[in-house]
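Accompanying notes for the structure given below.
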């Protein structure tokens, strides 16, 4: 019920008026705690890390009215009490496009303050005007890619019982580029690359890929999908780290 209320109050799935003037009230926080409670996480977190967001189309006006275009990167600590709903985040960033600002430090300071208040914890960000970027390469994950494994799949709702371990001990990194889940609010697909690094009993690769594919029709925010994957592997496979 609490999660349903959160979705009802968010801008997801609702008609939107796009405005070009800076408006921090567009940001919509979503508490992490109700979703973590479903995973059995009540107090101290069994993991560490951050949510990383990239914005490739940030734009604003300089103090003479000339547009500036930039790429921005944001880091939200997983210890923050709130995440920021994605549509509201996009609307907020787009609200700068007709806003005049003195310089890069000004917009950086404004965005850092607003996002930190909404997340309930200090965030980190970096903004790079396109004029300063000479090349931009997409990195590839390190480790073994699971996606070429020859498997038969018939489960598309999350099923942690698919996870199996082997007798051998290992330290390895594996990844999949074909991960898909669906937005809790709109049902729209969320695509991503999942990278898993661990030490302990070897996780059977075929079983791990089947498990990741089982998210394909699952509806949940991406941040919580990642935490669910962590907890399922932690409980089912019991890695050392």
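In this note's numbering, the protein residues as written are 1 to 241.
Cβ atoms here follow ideal geometry from the backbone N, Cα and C, with glycine treated the same way.
Quantities reported herein were computed from a predicted structural model and do not represent experimental measurements.
Provide the residue span of the beta strand (DSSP E) that contains residue 194, from first to last. Position 194 of the chain shown, counting from 1, holds the residue named residue 194. That run of the beta strand (DSSP E) goes 189-203.
Endpoints, alpha helix (DSSP H) assigned at residue 224: Position 224 of the chain shown, counted from the first residue, corresponds to residue 224. Run containing residue 224: 222-237, per the alpha helix (DSSP H) assignment.
Below 8 Å on the Cβ atoms is my contact criterion, and I expect residue 31 with residue 71 to pass it. Report the Cβ-Cβ distance as a whole number of Å. The count along the chain shown starts at 1 and reaches residue 31 at position 31. The count along the chain shown starts at 1 and reaches residue 71 at position 71. Rounded, the Cβ-Cβ distance is 29 Å, inconsistent with contact.
Beta-carbon gap between residue 121 and residue 26 smaller than 8 Å: Stepping through the chain shown from its first residue, residue 121 is reached at position 121. Stepping through the chain shown from its first residue, residue 26 is reached at position 26. Not closer than 8 Å, so no.
If I'm right that residue 123 touches residue 75 with Cβ under 8 Å, what's the distance once you round it to whole angstroms? Here residue 123 refers to the residue found at position 123 of the chain shown. Here residue 75 refers to the residue found at position 75 of the chain shown. Confirmed, Cβ separation roughly 6 Å.
Report the option in 62, 193, 196 whose CA atom is closest to the CA atom of residue 98. Counting from 1 along the chain shown, the entry for residue 98 is found at position 98. Residue 98 has its Cα closest to that of 62, out of 62, 193, 196.
Pairwise C-alpha distance: residue 208 and residue 145: What you label residue 145 is simply residue 145 of the chain shown in a count that begins at 1. What you label residue 208 is simply residue 208 of the chain shown in a count that begins at 1. Distance between the alpha carbons of residue 145 and residue 208 is about 11 Å.
Just to confirm, are residue 214 and residue 159 a CB contact at a threshold of 8 Å? Taking the chain shown and counting its residues from 1, the one referred to as residue 214 is at position 214. Taking the chain shown and counting its residues from 1, the one referred to as residue 159 is at position 159. Taking 8 Å as the Cβ cut-off, residue 214 and residue 159 qualify as a contacting pair.
Could you tell me whether the stretch 94-110 touches the stretch 168-176, using the rule of 3 or more Cβ pairs below 8 Å? Counting Cβ pairs under 8 Å, fewer than three are found: no touch.
Taking all protein chains shown into account, do 16 or more other C-beta atoms lie within 10 angstroms of the C-beta of residue 314, making it buried, or fewer, making it exposed? This structure cannot speak to residue 314, because the chain is shown only from 1 to 241.
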